[in-house]
Amino acid sequence: MHPNTLRRYADEGKIKSIKNPAGQRLYDVESYVNGSSERATIICYCRVSSSKQRDDLDRQ
């Protein structure tokens, strides 16, 4: 994850962080690496170039 994305998520309240006296953000990485008790949502987006390939989606 890009550092800018991490900072934005912290600003939006999506992840928890604290700032030390030097202004650096500190994150509890282990809580995110090990996962949380919340169930994740899996999203899949598929597309084909033409309507002729529509049946290809069923086979993938």
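Everything in the sequence shown is counted per the numbering used here, starting at 421 for the first residue and increasing by one. Note that CB positions come from ideal geometry on N, CA and C, so glycine has one too.
R479 lies in the alpha helix (DSSP H); which residues open and close that run?
R474 to R479
So L477 packs on C464, CB below 8 Å; how close in whole Å?
No, L477 and C464 are not in contact; Cβ-Cβ is about 11 Å, not under 8 Å.
Where does Y447 sit, in a helix, a strand or coil, going by DSSP?
strand
Restricting to Cα atoms, I'd like to know which of E432, N424, S437 and R427 is closest to S451.
S437
Top-ranked residue by Cα proximity to I435, from A442, D448, Q444 and G443
D448
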